[in-house]
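S.K.: Before we start, here is the structure in question, set down as structure tokens.
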Amino acid sequence: MSNNNDATVVHGVAIIGAGFGGIGLAIRLQQQGVHDFVIYEQAADVGGVWRDNIYPGAACDVPSHLYSFSFEPNPDWGRSYGPQGEIHRYLQHCSKKYQLAQHLKFNVAVTALEFSEEKGLWTIKFAGGQQAQARAVVLAIGALNIPQYPKIEGIEKFAGKIMHTAEWDQDYSLKGKRVAVIGTGASAIQVVPAIQPEVESLALFQRTPPWVMPKFDRAQSPVRQARLRRWPFIQKMIRSLQYLLAESVVPAFMWDSLLTRFGEAMGRRYLQKVIADPELREQLTPQYAMGCKRVLLSDNYYPALTRNNVDLLSSGVSRMDETAIYSGDGQRLEVDAVVLATGFKVPVSGAPMPVRGLAGRNLNDDWAAGSEAYKGMTVSGYPNLLYIMGPNTGPGNTSVIFYIESQIHYILQYLRTLRANPNEYMDVRPEVQEAFNEGVQRRFKGTTWTSGCNSWYLTADGKNTTLWPSFSWQYRLRTRHFVSAEYEFVEVGNTNNIGAESEIELAAQS
Ligand code: NAP
807 MSNNNDATVV HGVAIIGAGF GGIGLAIRLQ QQGVHDFVIY EQAADVGGVW RDNIYPGAAC
867 DVPSHLYSFS FEPNPDWGRS YGPQGEIHRY LQHCSKKYQL AQHLKFNVAV TALEFSEEKG
927 LWTIKFAGGQ QAQARAVVLA IGALNIPQYP KIEGIEKFAG KIMHTAEWDQ DYSLKGKRVA
987 VIGTGASAIQ VVPAIQPEVE SLALFQRTPP WVMPKFDRAQ SPVRQARLRR WPFIQKMIRS
1047 LQYLLAESVV PAFMWDSLLT RFGEAMGRRY LQKVIADPEL REQLTPQYAM GCKRVLLSDN
1107 YYPALTRNNV DLLSSGVSRM DETAIYSGDG QRLEVDAVVL ATGFKVPVSG APMPVRGLAG
1167 RNLNDDWAAG SEAYKGMTVS GYPNLLYIMG PNTGPGNTSV IFYIESQIHY ILQYLRTLRA
1227 NPNEYMDVRP EVQEAFNEGV QRRFKGTTWT SGCNSWYLTA DGKNTTLWPS FSWQYRLRTR
1287 HFVSAEYEFV EVGNTNNIGA ESEIELAAQS
């Protein structure tokens, strides 16, 4: 990052993060003939959560054909649900195929963003003290990247190994060890069956039993892969069917209704089919409306819990000492290692880093009561700043890539408008943002997400700032067209026609 030493480095667009969002936007910019952009990535590789979450069993719970870019289908998925390594390699492949290397700057951690009204530019500060400037900044940093460490009395005294699922130590072997796993969310239900066969004993500490449904995950045969390579339309059809299937569960997961009861009955039936022991079944039966927390898919989680070396402790964790962990009801278990499958610090309120906008406004203060943006992407008072997977754009039922592509489509129009107005900055009108968010929050009334469970979707006050409260196609429709009138255009000093070169190429293409 030598060139970042120079505060005069000015980019048309600075993308922060090289996961699905950052890579997808970069590809689309290139395809439109825009080359004046840079991607800052704090790690040494592309991949985002799919680079970082390397715990045993890590995989996606959205079907592979749907969990990939629409413009880059992959006929060679090895399983119906992509394992972590395959999805990571898919993003590396995209980065290579679309020649993003010249734009990628690795091992660069962004620590702060500051907007200059006078220049109409963002200053991007890095961990080493260097800085760069950009006319527009796109935060594509994801929401699930800061591990949540639980506050457990005595945890610091524990002399054995402690690993969070998102910070897995591959050099540490769990083989033959006595292991405790804390948590029963999406990560836990994958890691438990993956490590169960090799550990001596596994104590699973559950606080809230989740709804679990069968995944029907299958290996994809070479014959099937060859067929998809030969007839790409088959893959398109499969993707469309998977999309429709995912959308079809929205009415059940979203509105607490008869359909929800039907889904719950199916969940209990699956539980009954796999777990013969009535006491264990009782412990695993969820006590909240299906959909209130993420519905989990697994073919091997319940079966793993029936194995002789597994114990389910459903009273949570009370404390730890040098060698042991205690359940909520006082049982003491000596263990060698503790796996924390306790999830992530989700930015339901506050910004991921200090962000200073107009008149010294601080995004952390503005979002203290819960984050909000216009269509999840732009925030009034923070001009030329865009989010990918910002507030209220998370799906509870389908592929996040569908939302990311909707946002990329909108952001490209935004950036084109910005380049067409080289001496102005663009700020979403506060009344537009407010009206949008009032509508979003109104839609949460009567949904399963407000039916009483405790989830990371909500702020401390119970405001849902993470999910999109409707069908994903409605989000696609809302992000289809960029409307200039919804933004204020403010004249600044000359921005030296940053991005003008790209604009000329763009004009030549169209
Ligand atoms: P999570 O859903 O937040 O689950 C965390 C688990 O830890 C919950 O069971 C929670 O219990 C428990 N927990 C937290 N603190 C605890 C404490 N002090 N004592 C006892 N238990 C505690 O986290 P996650 O499983 O990592 O999943 C997070 C999100 O990542 C998912 O919702 C999903 O969006 C994403 N993810 C996706 C996939 C995929 O397949 N696509 C895979 C993994 C993760 P409570 O329920 O009682 O709070």
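With our numbering applied, the sequence shown corresponds to residues 807 to 1316, in that order.
Where a beta carbon is used, it is the ideal one built from N, C-alpha and C, also for glycine.
Check whether the Cβ of ALA1052 sits closer than 6 Å to any heavy atom of ligand 1, and report yes or no.
M.R.: Residue 1052 sits at position 246 when you count from the first residue of the sequence shown. No - ligand 1 has no heavy atom lying nearer than 6 Å to the Cβ of ALA1052.
S.K.: Is DSSP giving HIS899 helix, strand or coil here?
M.R.: The residue you call residue 899 lines up with position 93 of the sequence shown. Correct three-state label for HIS899: helix.
S.K.: Can you tell me which of LEU1111, GLY1073, SER1104 and PRO1109 puts its alpha carbon nearest to the alpha carbon of ARG1093?
M.R.: Taking the first residue of the sequence shown as 1, we reach residue 1093 at position 287. Note that residue 1093 corresponds to Gln in the displayed sequence, not to Arg. Comparing Cα positions, the closest option is GLY1073.
S.K.: Consider the C-beta atom of LEU1118 and the heavy atoms of ligand 1; say whether any pair is separated by less than 6 Å.
M.R.: Within the sequence shown, the letter at position 312 stands for residue 1118. No.
S.K.: For a test of your reading of the model: does the CB of THR1271 fall under 6 Å from any non-hydrogen atom of ligand 1? Yes or no.
M.R.: Within the sequence shown, the letter at position 465 stands for residue 1271. No.
S.K.: Where does THR929 sit, in a helix, a strand or coil, going by DSSP?
M.R.: The residue given as residue 929 occupies position 123 in the sequence shown. Correct three-state label for THR929: strand.
S.K.: Under a Cβ-count criterion, where at least 16 other Cβ atoms within 10 Å of its own Cβ denotes burial, should LYS1251 be classed as buried or exposed?
M.R.: Position 445 of the sequence shown, counting from 1, holds the residue named residue 1251. LYS1251 comes out exposed.
S.K.: Helix, strand or coil: which one does DSSP assign to ILE822?
M.R.: In the sequence shown, counting from the first residue as 1, residue 822 sits at position 16. Looking at ILE822 - three-state DSSP - the assignment turns out to be strand.
S.K.: With three or more beta-carbon pairs closer than 8 Å as the criterion, would you say the stretch 1200-1216 touches the stretch 1155-1175?
M.R.: Contact between the stretch 1200-1216 and the stretch 1155-1175 is absent, because fewer than three Cβ pairs lie under 8 Å.
S.K.: Any heavy atom of ligand 1 closer than 6 Å to the Cβ of SER870?
M.R.: Mapped onto the sequence shown, residue 870 falls at position 64. Checking the Cβ of SER870 against ligand 1 gives no.
S.K.: With DSSP as the reference, identify every bridge partner of LYS911, one or two as the case may be.
M.R.: Residue mapping note: residue 911 aligns to position 105 of the sequence shown, counting from 1. LYS911 is bridged to TYR846.
S.K.: Mind the definition here: the stretch 1202-1211 touches the stretch 1037-1054 only if three or more C-beta pairs lie below 8 Å; say whether that holds.
M.R.: Yes, since at least three Cβ pairs between the stretch 1202-1211 and the stretch 1037-1054 fall closer than 8 Å, the two stretches touch.
S.K.: I need the DSSP call for ASN1170, collapsed to helix, strand or coil.
M.R.: As a first step, residue 1170 must be located in the sequence shown, where it is residue number 364. Here ASN1170 sits in helix by DSSP.
S.K.: Tell me, please, which residues DSSP counts as bridged to GLN937.
M.R.: As a working note, residue 937 is residue 131 in the sequence shown. Per DSSP, LYS931.
S.K.: On the CB-based measure, 16 or more other CB atoms within 10 Å of its CB, does VAL1289 come out buried or exposed?
M.R.: If you number the sequence shown from 1, residue 1289 lands on position 483. When all chains shown are included, VAL1289 counts as exposed.
S.K.: With a CB to CB cut of under 6 Å and the five nearest residues on each side skipped, what residues in its chain are close to GLY1182?
M.R.: Counting from one through the sequence shown, the residue named residue 1182 turns up at place 376. Answer for GLY1182: GLY1196, PRO1197, ASN1198 and THR1199, listed in chain order.
S.K.: Please go through the same chain and pick out, in chain order, the residues whose beta-carbon is closer than 8 Å to the beta-carbon of ASP1127, but skip the five residues on each side of it.
M.R.: For the purposes of this step, residue 1127 is taken as residue 321 along the sequence shown, with counting starting at 1. Cβ within range, chain order: GLY960, LYS963 and PHE964.
S.K.: Helix, strand or coil: how does DSSP classify TRP883 here?
M.R.: In the sequence shown, residue 883 corresponds to position 77, counting from 1. Looking at TRP883 - three-state DSSP - the assignment turns out to be coil, as it is neither helix nor strand.
S.K.: Quick one: residues in its chain with C-beta nearer than 6 Å to the C-beta of GLY1069, no 5 flanking neighbours on either side, listed in chain order?
M.R.: Locating residue 1069 in the sequence shown gives position 263, where the first residue counts as 1. Counting only Cβ-Cβ distances below 6 Å, and skipping sequence neighbours, we find ALA1058 and MET1096.
S.K.: Classify TRP1037: buried if its beta carbon has 16 or more other beta carbons within 10 angstroms, exposed otherwise.
M.R.: Taking the first residue of the sequence shown as 1, we reach residue 1037 at position 231. Exposed is the call here.
S.K.: Would you check whether ligand 1 has a heavy atom nearer than 6 Å to the C-beta of GLY1182?
M.R.: Within the sequence shown, numbered from 1, the residue matching residue 1182 stands at position 376. It does not: the Cβ of GLY1182 is nowhere closer than 6 Å to a heavy atom of ligand 1.
S.K.: Using the Cα positions of ALA1241 and TYR1293, report the straight-line distance between them to the nearest angstrom.
M.R.: To locate residue 1241, count along the sequence shown from 1; it is residue 435. To locate residue 1293, count along the sequence shown from 1; it is residue 487. About 14 Å.
S.K.: For VAL1029, count neighbouring Cβ atoms within 10 angstroms of its own Cβ and tell me buried if that reaches 16, exposed if not.
M.R.: Your numbering for residue 1029 matches position 223 in the sequence shown. Burial call: exposed.
S.K.: Between GLN905 and the rest of its own chain, which residues show a CB-CB distance below 8 Å, the 5 nearest in sequence each way excluded?
M.R.: To locate residue 905, count along the sequence shown from 1; it is residue 99. Closer than 8 Å at Cβ, skipping near neighbours: GLN836.
S.K.: Please determine whether the Cβ atom of ALA992 lies at a distance below 6 Å from any heavy atom of ligand 1.
M.R.: Mapped onto the sequence shown, residue 992 falls at position 186. The answer is yes for ALA992.
S.K.: To the nearest angstrom, how far is it from the Cα of GLN1078 to the Cα of ARG1087?
M.R.: Looking up residue 1078 in the sequence shown gives position 272. Looking up residue 1087 in the sequence shown gives position 281. In a straight line, the C-alpha of GLN1078 is about 7 Å away from that of ARG1087.
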